[in-house]
Amino acid sequence: MLGSSALGAVGCQQQAAAVEEKHEPPVSVEVAEVTLIQAPQTLRLTGSLRGAKQTDLAANVAGRVQQTLVERGTEVKKGAVLARIDVSAAALALAEARVQVEASKTRQEINQADCDRYELLKAKGAVTDLEYDQVTAKCKTAPLDLAAAQARQTLAAKNVGDGVIRSPFDGVVTERYIEVGEYVQASSRVVSLAQVDDLRLEFSLPEANFTHVKVDADVAFRVVAYGDAVFRGKVTHISGAVRETRDVLVEASVPNPERRLLP
């Protein structure tokens, strides 16, 4: 009795297990074709942003600053006046140059009249060759004197015009270096100006990776101010020479219509 009870128990367990196996749900399987995909190569580099156009404007004339019309961050249009320099000395030089031009014109007319007269006298034998040569020499040098006077007038006019410093393109003032009353030289910086609707991303590419980057290649980058936000651009220029630091300078164009990025 004891032995048959044990066998009966085993038989019941096997039957229960069989019933459970019958009720297991089917496993869903998806089949896909295996394809080879080339993963894009990426390089992690550091760079800097610059304006599409960016320049330091010089005074171009020596003098005292009369007026400044912009501050840092001022948006300006091409031709807008940024500052004025006192060019009183240049204005006096211009006035003097104009007088010299008129005087040179008068001397040229007088000399030409003398030359015409001496031509007639020489034909009649009324003057010596020496006298004739002396007079005609003045006719030859008079145009040169006039040209020199006109050149001085042009230079003086340029110096007067340089007293008004204008923007060469639409942009934003990134720095102002002068104050009213300050004396500046012709080479002194006045303002820094940048065009910020489009930016240039400049970065150094190691020589070993030179062949991996081509013009029109996509560039993705982040800036600290925007955390994980990703900005994009395209490579526009690759330097034609390797620098002493064994890297190549690369530039990418970055659209910046909302001006979120700063150079």
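Note that this note's numbering has the sequence shown beginning at -8, numbered continuously upward. For each residue, glycine too, the CB sits at the ideal point set by N, CA and C.
Fully enclosed alpha helix (DSSP H) runs of no fewer than 4 residues are not present anywhere in the stretch 169 to 252.
DSSP places Ala114 within a helical segment (H, G or I) once states are collapsed to three.
With respect to the 8 Å criterion, Arg63 and Thr132 are not classified as neighbours on the basis of their beta carbons. In the three-state DSSP reduction, Gly152 falls in the helix class (H, G or I).
Contact between Glu198 and Val233 holds: their C-beta atoms lie close to 5 Å from each other, under 8 Å.
Residue pairing by DSSP places Ile101 in no beta bridge whatsoever. By the C-beta density criterion, Tyr109 is buried, having at least 16 other C-beta atoms within 10 angstroms. Assignment of Glu166 by DSSP, reduced to helix, strand and coil, places it in the strand class. Non-local beta-carbon contacts of Gly38 in its own chain, meaning distances under 6 Å to residues more than five positions away in sequence, involve Leu192, Glu193, Phe194 in chain order.
For Leu34, no beta strand (DSSP E) run applies, since DSSP gives it neither H nor E.
When secondary structure is reduced to three states using DSSP, Ala71 falls in the coil class, being assigned neither helix nor strand. A contact is defined here as three or more CB-CB pairs under 8 Å, and the stretch 103 to 119 fails this definition with respect to the stretch 142 to 150. Asp107 carries a helical assignment under DSSP once its states are collapsed to helix, strand and coil. Excluding its 5 nearest sequence neighbours in each direction, Val118 has C-beta neighbours in its own chain below 7 Å: Tyr109, Leu112, listed in chain order. Gly224 and Val206 have their C-alpha atoms spaced approximately 11 Å apart.
Here DSSP, grouped into helix, strand and coil, assigns Val56 to strand.
Arg167 places its beta carbon 8 Å or farther from that of Val56. Rounded to whole angstroms, the Cβ separation of Ala128 and Ala88 is 25 Å, and the two are not in contact under 8 Å.
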